Amino acid sequence: MLDSISDYPLGSRRPDLVLTPAGLRLDEVTLDAVRSGRLDGADARATGETLRLQAAVALASGRTQLGANLDRAAELASIPSETILEIYTALRPHRSSSAELDEWARRLEDEYAAPQAAAFVREACAVYAERGLLAAGEHQAI
Numbered sequence: 536m537l538d539s540i541s542d543y544p545l546g547s548r549r550p551d552l553v554l555t556p557a558g559l560r561l562d563e564v565t566l567d568a569v570r571s572g573r574l575d576g577a578d579a580r581a582t583g584e585t586l587r588l589q590a591a592v593a594l595a596s597g598r599t600q601l602g603a604n605l606d607r608a609a610e611l612a613s614i615p616s617e618t619i620l621e622i623y624t625a626l627r628p629h630r631s632s633s634a635e636l637d638e639w640a641r642r643l644e645d646e647y648a649a650p651q652a653a654a655f656v657r658e659a660c661a662v663y664a665e666r667g668l669l670a671a672g673e674h675q676a677i
């Protein structure tokens, strides 16, 4: 069980709670593991579970915005990097229509179980509509 205050920082006080995406423990993340091929770049990523634990620590210490950011990051942790880059590109000003951003939001909810990220995309879409930042002449608020 996590004690959000006394278990912080997790990496040193509760390393048993922190695993790589492949399920390796922190003490298994070594230079020798990289050299031998037991560890690759994907194992340097934080898992959704670790980010949720960090969010709990942040919330327990009164850092609500950081906790919310870590919760959103936890949703994104399981989404393939290529998809994250596609979403990032779609969110650049003048790159996407409101329909395209709405489709990204729907996919985030339906395919990736990421409702907070979907809400962020919808919020960005509304702001882009207000500021004339949607693609190809879409300037009406949605």
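Numbered by my numbering, the letters in the sequence shown go through residues 536 to 677 in order. Ideal Cβ positions, reconstructed from N, Cα and C, are used throughout, including at glycine. Quantities reported herein were computed from a predicted structural model and do not represent experimental measurements.
Pairwise C-alpha distance: residue j and residue i
i      : j      : result
Leu561 : Val553 : 7 Å
Ile677 : Ser539 : For Ile677, the predicted structure reports a pLDDT of 43, less than 50, and the residue's modelled location is therefore unreliable. A value from the coordinates is still provided. If I take the Cα positions, the gap works out to 40 Å.
Tyr663 : Arg549 : 43 Å
Arg657 : Arg570 : 43 Å
Glu644 : Ser547 : 34 Å
Ala609 : Gly667 : 31 Å
Asp606 : Ala671 : 33 Å
Gln651 : Leu545 : 24 Å
Ser616 : Glu646 : 15 Å
Asn659 : Leu626 : Before going further, note that residue 659 is Ala rather than Asn in the sequence given. Taking the straight line joining both Cα atoms gives about 8 Å.
Glu635 : His629 : 12 Å
Ala579 : Glu563 : 12 Å
Gln600 : Ala654 : 16 Å
Thr624 : Ala568 : 34 Å
First and last residue of the uninterrupted alpha helix (DSSP H) at residue i
i      : result
Val656 : 650-666
Ala577 : Careful: Ala577 lies outside any alpha helix (DSSP H) and carries neither H nor E.
Thr565 : Element bounds for Thr565: n/a, residue is neither H nor E.
Val592 : 583-595
Arg548 : 545-548
Classification of residue i by the beta-carbon crowding that lies within 10 angstroms, buried from 16 upward
i      : result
Thr565 : exposed
Ser596 : exposed
Gly576 : exposed
Tyr543 : buried
Gly602 : buried
Ser631 : buried
Ala591 : buried
Ala557 : exposed
For residue j and residue i, believed in contact at Cβ under 8 Å, the rounded distance
i      : j      : result
Leu537 : Leu559 : Wrong, their Cβ atoms sit about 20 Å apart, outside the cutoff.
Leu611 : Ala649 : 7 Å
Query - Within the region 602-655, ranges of the alpha helix (DSSP H) (whole runs, at least 4 residues) - result: 616-625, 633-645
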